[in-house]
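Every letter in the sequence shown is one number past the one before it in the working numbering, and letter 201, counting from 1, is 197.
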Amino acid sequence: MSNAIEFISAFNIIDSRMRAIYRGKGNLQFSDLVRRCAEFQMTIRKYEEDLLLCARLRNVIVHESRKDRIIAEPCDELTRLICHVAELLQSPPQLSLLKPKKVTFLSSETELGQAIEKISKTNYSNLPVYDGKRLIGVLNNRRIVRVLGQLLEQGGTIEECLKLPCANVLHEDDMTRFYRILGRQNTIQDVIDAFEENRKLLAVLVTVSGKPNDEIVNLLTSADLPMLIRFLDE
C-alpha cells in the first residue's frame, strides 16, 4: 500500500471521529474541526499543528492527483504519525491495560487516629472507606484537616477528634466534587479528560465495571498524568 493511500485512509478516520466528538451542527471543514476539537480533546490538541499540515497535504493529493498518477506521496514519518492519531481516536487504549494498583481501604468504623497512621505509613492521601461492601466515600488529607479544625474550634480536644469513626468524618459532597468513578472499559483518555474538566479532582477510582460498589482495581491521581500521557504516546 502506498503512503498516499494509507495517509488518506487515516485522514478519513480522523475526520469521522472528530465529527462524532464535536457533535456540532453544520458541515465544518477539517481544519475548523481540528481547531474546535482541540479546545477540549487532548489528542487533537497535542497533534493540532500536524493535523492542520495534513489537511493541506490531503487537499493536494485528492484534488491534484489523477487516476494514473498520485501527485504527492507523504513521507514515512508523517504517514506513521497520522496513522497513530487515527488509531488513538478510533481505538483508544482502555484502563484495563494499566497495571492494577494495590488500593488501601478503610472501614467506616476505623477511628480517625488509625486512619491518619495508615496514611502516614502508606503515603496514600486518598483512602476509600467502606461500610461492609458499600463504598461510602474517600478520606483525604483535606477532609481530615477541616474536621479537626472545626471540632477544635467548637471546644473539642485532639483525643476526641482522633476517636471519631471515619464514617462521621466523610462529607457526601466530596465524592461528586473531588472524585470520579470509571470502569476498566473506559479509556485512558477519559481519565485525562476528567482531570482537565474538573481542576478540583483529587482522584479517579477505577472499578471493574464503573459502578461504585464494584471492586476498585486502580486509583489514579494527577501524579499519574505524565505516565498516562506517555502510555498514549507509546
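Just so it is clear, CB atoms sit at the ideal spot from N, CA and C, and this is done for glycine as well. Keep in mind that this is a model prediction, so the values were computed, not measured.
Host beta strand (DSSP E) of ASP276 (start-end)
With the chain running from -3 to 230 in the structure shown, residue 276 is simply not present.
6 Å CB neighbourhood of LYS98 in its chain, flanking five on each side removed:
Nothing listed; no residue qualifies.
Rounded to whole angstroms, what's the CA-CA distance from PRO89 to GLY133? Just pull it up for me.
Computed Cα separation, rounded: 28 Å.
Cα separation between LEU213 and LEU197?
Reading the sequence as shown, one finds Val at residue 213 and not Leu. Counting only the Cα atoms, LEU197 lies some 19 Å from VAL213.
Judging by CA-CA distance, which residue of GLU2, GLN150, LEU123 is the nearest neighbour of GLU83?
Nearest option by C-alpha distance: GLU2.
Within 10 angstroms of the Cβ of MET223, are there 16 or more other Cβ atoms? Answer buried if so, exposed if not.
Label assigned to MET223: exposed.
Can the beta-carbon of LYS114 be found closer than 8 Å to that of LEU108?
Judged by beta-carbon spacing, LEU108 lies beyond the 8 Å limit of LYS114, meaning their Cβ atoms are not closer than that value.
So, using beta-carbon positions, are ILE78 and ALA6 closer together than 8 Å?
ALA6 sits close to ILE78, with the two beta carbons spaced by under 8 Å.
Do LEU47 and THR183 count as a contact pair if the criterion is CB distance below 8 Å?
Taking C-beta atoms as the reference points, THR183 and LEU47 fail to come closer than 8 Å.
First through last residue of the alpha helix (DSSP H) which encompasses ILE78
In the DSSP assignment, ILE78 falls within the unbroken alpha helix (DSSP H) covering 72 to 86.
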